[in-house]
Amino acid sequence: MKKLIIALAASAALLGGLATGASAQDKTKVCFIYVGSKTDGGWTQAHDIGRQELQKALGEKIETPFLESVPEGPDAERAIERMARSGCALIFTTSFGFMDATIKVAEKFPDIKFEHATGFKAAPNVATYNSRFYEGRYIQGQIAAKMSKKGLAGYIASFPIPEVVMGINAFELGAKSINPDFKLKVVWANTWFDPGKEADAAKALIDQGVDILTQHTDTTAPMQVAAERGILAFGQASDMIAAGPKTQLTAIVDTWGAYYIKRTNALLDGTWKSEQIWDGLKDGILTMAPYTNMPDDVKAMAEETEAKIKSGELHPFTGPINKQDGSPWLAAGEKPEDGVLLGMNFYVEGVDDKLPQ
Amino acid sequence: MFEAILLTVITASTPLVVAALGELVAERSGVLNLGVEGMMIMGAVFAFAATRYTGSPYIGILAGIAGGALFSLLFGFLTLTLVANQVATGLALTILGLGLSGQIGESFVGQPGIKLQPIVIPLLSEIPFLGKVLFSQDLIFYLSIALIIGIHWFLFRSRAGLKLRAIGDNHGSAHALGIHVIRMRYLAVMFGGACAGLAGAQLSLVYTPQWVENMSAGRGWIALALVVFASWRPWRVLAGGYLFGTVTIGQLHAQAFGIGVPTQLLSALPYAATIVVLIIISHNRRTTLINTPASLGKPFVPDR
């Protein structure tokens, strides 16, 4: 046993030596931590495409190592720390659940820059970046209200965090702008990634009568179930048209590449600083997949809404809006602060679910 | 509606039951293989690949079984021939399987799969309600029921089953009686691998006909727990698997129905229910001890 420990220690020291040796070269290491596999067809794949664009754009100047399928929780801290020790200059941690781990590791490594996706905790060497997904979800809600025969859609949610709650509300508000009686059923899968469970949630919602499905989980399984049952659905994070050529209405497609290139360039020329960035449709950090499987007038409406959001003419959260219990939240014409949206922990009127607290 | 729920429950429970049954046989022979998750995911990727190349999900099923069995052979060689530690080797098998399947399956991601179609049994499928639920299923569901009956018969009614249990309880004595301990354990491990592979095939051909890395998402571990839950008895595997599946699906429906119970609690319910039943059935320590294979996990080196 003792021998084994010595051997392990020796090889660890050797590996450590190799790692520092590598970082001594002039290539800058820009590292990524993924919550899922890089080929999940959804969230993580979108980040990995961004990473590949970054690598392609900056070529010889950088290396872009990544760790995939890193579970949220204590394991994440170890994974991020491992990246930090391996000589990364900039580390992107690409899941909400990595927030506390990122902050903790960042305290230990003040010279390394960190960027955490979708979180709200920052530090001098931790920036946050996020995309206004809710803009896309508002458009989806409008399409759903036009396309649903029953006025009832199903929403597969992951975890009751503000990001997800905001998406549910935006979808409902979009739908209600077309059909004031539109109802939304929500099922919490309590996972980001489990094709089987996501499919089960989709089946449960369809069995309870929804005829449009949307998801805030990472795999194409719900799209596949919707296709099999002959209803319509929206894709999430990546274009999921391959899983439902006659099913997908549109998808919110995350396009992180331009952002990753911008921030890495800032790091290279020394202008990087901790910022809290929240970009939307107009900045190209999210795009809508082609509007398919819908009549021309619905498509025209969706395109018009998209253009209005881009120009700033329309903000999905514009009063009058009531909370779920009917109490007023926003007065007519009033728009919420970003901070309110980012901490959203209540439903708007019309969501047929009790929000887990 | 009730029928629809039952159909979903069956789809969700079948892979758990099939994988647990295979592990049950392996453990009855005294081998603890923690690599179920790894063998399952290998079965899933083999089944998807073969279906994709041949266009036939039935060849996919065979490939899934073969994939799981071959992969378990690696475990068998390490633990039975080289007498490596079973727990460590099993964990390594899971990690290796998850990684290797990701490599093999890289080009299949996002490719449309072919779903295994149900086989409608004439006459029986016309029974109201039951017919649709029980006799209009896919082959893997029928196999899962056949496996339970077959394994029960094998373990408790056949001579070979008696030998297998003898090895699991005391490999030294079994060896002294002239039973080929290592050979039988190899067969039991491979049977376990084949079942895990079949369960994996169910995932990539029936449950969600597609390939995604890590798509087993911990089901192998639940199958492992089911074996203990079932106190190494085949019918209890069925009961346990379906209890777990029912509570899992039931909580999703409860949510969609709008019952105001915290969803975190609902999500934990399948595990909580399993633990409660485990406590109830294991309160009699003697029967639990009788069912537990006494040599489980212990290495066997035949003396000459």
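Taken in order, these protein sequences are the chains called A and B. Reading the first sequence from the start, the letters are residues 1 to 357 in this note's numbering. Reading the second sequence from the start, the letters are residues 1001 to 1304 in this note's numbering. Beta carbons are placed, not taken as given, at the ideal position from N, Cα and C, and that holds for glycine.
Thinking residue i and residue j are a contact (beta carbons under 8 Å), I'd like their distance in whole angstroms, please.
i, j, result
"V1189/B", "F1071/B", "With 8 Å as the limit, V1189/B and F1071/B do not qualify as a contact, their Cβ atoms being about 10 Å apart."
"S210/A", "G154/A", "In the sequence on display, residue 210/A carries Val and not Ser. Between G154/A and V210/A the Cβ distance is about 4 Å, and since that is below 8 Å, they are a contact."
"T1008/B", "D254/A", "Wrong, their Cβ atoms sit about 30 Å apart, outside the cutoff."
"G257/A", "L54/A", "6 Å"
"L1238/B", "Q1251/B", "Between Q1251/B and L1238/B the Cβ distance is about 21 Å, and since that is not below 8 Å, they are no contact."
"P1293/B", "D1138/B", "Contact flag wrong, Cβ pair sits at about 32 Å."
"F1048/B", "G1113/B", "6 Å"
"A251/A", "M240/A", "6 Å"
"A1069/B", "I1140/B", "About 16 Å separates the two Cβ atoms, so there is no contact after all."
"S37/A", "N1214/B", "6 Å"
How about residue i: is its C-beta nearer than 8 Å to some C-beta of chain B?
i, result
"P162/A", "no"
"D297/A", "no"
"V351/A", "no"
"A258/A", "no"
"G196/A", "yes"
"K203/A", "yes"
"D283/A", "no"
"Q224/A", "yes"
"A22/A", "The predicted position of A22/A is uncertain, since its pLDDT is 44 and thus under 50; a value taken from the coordinates is nonetheless stated next. Chain B contact via Cβ: absent."
"T255/A", "no"
"D200/A", "yes"
"A233/A", "no"
Grab the span of the beta strand (DSSP E) containing residue i for me, first residue to last.
i, result
"D254/A", "Q248 to D254"
"L90/A", "L90 to T93"
"Q236/A", "L232 to A237"
"M947/B", "Shown here, chain B extends from 1001 to 1304; a query on residue 947/B therefore has no answer."
"L330/A", "P328 to L330"
"T44/A", "Counting along the chain, T44/A falls outside any beta strand (DSSP E), though it belongs to the alpha helix (DSSP H) covering W43 to L58."
So that I know if they touch, is there some Cβ in chain A lying closer than 8 Å to that of residue i?
i, result
"E1027/B", "no"
"F1141/B", "no"
"Y1242/B", "no"
"S1013/B", "no"
"N1085/B", "no"
"V1247/B", "no"
"F1257/B", "yes"
"M1039/B", "no"
"N1291/B", "no"
"A1217/B", "yes"
"Y1186/B", "no"
"I1061/B", "no"
"I1010/B", "no"
"Q1202/B", "no"
"E1213/B", "yes"
Please state the DSSP three-state secondary structure of residue i.
i, result
"E313/A", "coil"
"V1031/B", "coil"
"P1270/B", "helix"
"L1101/B", "Checking the displayed sequence, the identity of residue 1101/B turns out to be Ser instead of Leu. In the structure shown, S1101/B sits in a helix (DSSP, three-state: H, G or I)."
"A127/A", "strand"
"Y138/A", "helix"
"T102/A", "helix"
"H116/A", "strand"
"N265/A", "helix"
"I1041/B", "helix"
"T1288/B", "helix"
"A243/A", "helix"
"D358/A", "Nothing about residue 358/A can be read from this structure; chain A reaches only from 1 to 357."
"I1179/B", "coil"
"F1046/B", "helix"
"I321/A", "strand"
If I follow the unbroken alpha helix (DSSP H) through residue i, where does it start and stop?
i, result
"P295/A", "Counting along the chain, P295/A falls outside any alpha helix (DSSP H), and DSSP gives it neither H nor E."
"W1221/B", "R1219 to F1229"
"L1162/B", "R1159 to D1169"
"G1076/B", "P1057 to G1076"
"L205/A", "P195 to D207"
"K1132/B", "L1130 to L1134"
"W1235/B", "P1234 to F1257"
"Q224/A", "A221 to R229"
"G167/A", "P162 to I178"
Name, going along the chain, the residues of the region 1096-1112 of chain B whose beta-carbon falls closer than 7 Å to a beta-carbon of chain A.
G1102, E1106, V1109, G1110 and P1112
Interface positions of the region 1259-1276 of chain B facing chain A (Cβ-Cβ less than 7 Å), listed along the chain
G1260, P1262, T1263, Q1264 and S1267
For the region 53-76 of chain A, which residues have a CB atom closer than 8 Å to at least one CB atom of chain B, in sequence order?
S69
Counting only Cβ-Cβ distances shorter than 7 Å, please list the residues of the region 34-54 of chain A near chain B, keeping chain order.
S37, T39, D40 and G41
Could you name the residues of the region 170-196 of chain A whose beta carbon sits closer than 9 Å to any beta carbon of chain B, in the order they occur along the chain?
K185, V186, V187, W188, A189, N190, T191, F193, D194, P195 and G196
May I ask you to list, following chain order, the residues of the region 1039-1056 of chain B that have a beta carbon less than 7 Å from some beta carbon of chain A?
none
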